[in-house]
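The structure appears right after this line, and notes come after that.
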């Protein structure tokens, strides 16, 4: 009998350890999110890089460009990660990502001009993007079906913890009188990335990757190690045979579909194109839409620009900074129950009701801001009500679309498409993240209450999309999920004329 949640994790400490370590890739992502918001306000930082000081003629563009180049680098990096992940393994791909991340951190720490700072952000972004997609890919392939959702939530929780720690480290460092006020937070971001790159080498390769490389016996031994059961155990044998069978079928499909193309570059592009073929289009739609709605629900508007939003509700500078730091703490608090109970609640329910729960506070905010904007001094209670609504939204986000954007894309694709599918989903996170980072300051100035209406509409759209397109994946093997999308392995074997085995 399988157990979910905390009880199942206690019975699988080795898998939990591997997943926890891999999820530190998400910690690095969160750290970079949390570190920049206060650094941008530091006089020490503005003195070193006058292009980003408020008095500069191109202040807005320079600040947005420097901040956004991390997301752009991440977008580029996660598109190239599948090549590393499929050819050299998920483990080695994470190690390469660590090298890029640390190189970017060193350049940011030692930068003395705007150009080198932007270069460091871009190179570091390549590492951030690959770490952020590599972790859920590896976790999804080592976790047993009954724990996969909970372990994938580790990625979302790690992102939040990284943002919290970075925010308060930077908050404390702002009182350092010299340039180390911002260089120290930049330097410290290397630690979690190094832990991933080095520590992951002591854990097994993904059994599914081993099967894809025709290393079936190694896949069995990896499962034996991960499940802490003998290779002869019926459960290990059943899981191993399912993994090997899936790898064989999808390799035959690949050879059948692309047999005439031997050029590796052409083949690479054709495999990307496979994601948009009729057989996989619903999977791809789910994998891209959930991250899109995650970002367009407005979360990073509050992560990056929370002080602006709180100040617009009548809060003073110091209180705005403190309230901004509490945003990520709210995310963490809401993420814990999801971590424990996601596999019991199910993905479909969370995606439908989570969108509604996020949309309601946005819509109410639009109403009160349209009525009380500019009148917060006379109506301080409504200002605090607005603060509460932001936190309610954050709680709803962190218990639904926060983890779902990392969980569902890693589950919906078969092994042969998973690296590219997860890469595409992560690229969507970064692309949407970049767009939000660029447009929100201008939206806040020009639209005011319309900003909340904008995000609220996307939250409701997320619920509608989920109702029609998102299947339930909780507790199902990655092979069984194929059936939910109508492309059963048995049907494909018959199509190829290959006997099931």
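Residue numbers (the working numbering): 256 to 756.
Beta carbons: idealized from backbone N, C-alpha and C, even for Gly.
Where residue 386 is concerned, the enclosing alpha helix (DSSP H) starts and stops at 369-397. Excluding its 5 nearest sequence neighbours in each direction, residue 590 has C-beta neighbours in its own chain below 8 Å: 408, 411, 412, 415, 653, 654, 657 and 658, listed in chain order. With a beta-carbon spacing of about 5 Å, residue 644 and residue 620 fall inside the 8 Å limit used to define contacts. By the Cβ rule, the segment 450-467 does not count as touching the segment 363-381, because fewer than three pairs are nearer than 8 Å. With a minimum length of 4 residues, the unbroken runs of alpha helix (DSSP H) contained wholly in the segment 468-529 fall at 471-482, 489-512 and 519-529. The continuous alpha helix (DSSP H) containing residue 626 extends over residues 602-627.
One alpha carbon belongs to residue 279, the other to residue 354, and they sit about 15 Å apart. Out of 722, 420 and 286, the CA that lies nearest to the CA of residue 609 is found in 722.
Under the 10 Å beta carbon count, residue 345 is surrounded by 16 or more other beta carbons and is classified as buried. Residue environment for residue 456: exposed (fewer than 16 other C-beta atoms within 10 angstroms of its C-beta). A residue is called buried once 16 or more other Cβ atoms fall within 10 Å of its Cβ, and residue 635, having fewer, is exposed. The beta carbon of residue 358 is closer than 7 Å to those of 378 in its chain, skipping five residues each way along the sequence. Counted as a single uninterrupted DSSP element, the alpha helix (DSSP H) harbouring residue 666 occupies residues 656-667. For the pair of segments examined, the segment 422-433 was found not to touch the segment 658-669: the number of CB pairs separated by less than 8 Å stays below three.
Judged by beta-carbon spacing, residue 397 lies beyond the 8 Å limit of residue 530, meaning their Cβ atoms are not closer than that value. For secondary structure counted as the beta strand (DSSP E) over 3 or more consecutive residues, the segment 310-349 holds no complete run.
Excluding sequence positions up to five before and after residue 637, its CB lies within less than 6 Å of the CB of 623 and 627, all in the same chain and listed in chain order. For residue 577, the number of other beta carbons within 10 angstroms of its own is below 16, and it is reported as exposed. The alpha carbon of residue 641 has as its nearest neighbour, out of 400, 575 and 713, the alpha carbon of 575. Shortest Cα-Cα distance from residue 599 to any of 449, 445, 730 and 370 involves 730. Taking C-beta separations shorter than 7 Å and ignoring five residues to either side along the sequence, the partners of residue 371 in its chain run 362, following chain order. Residue 439: member of the alpha helix (DSSP H) spanning 435-443, first to last residue. The beta carbons of residue 333 and residue 678 sit closer together than 8 Å.
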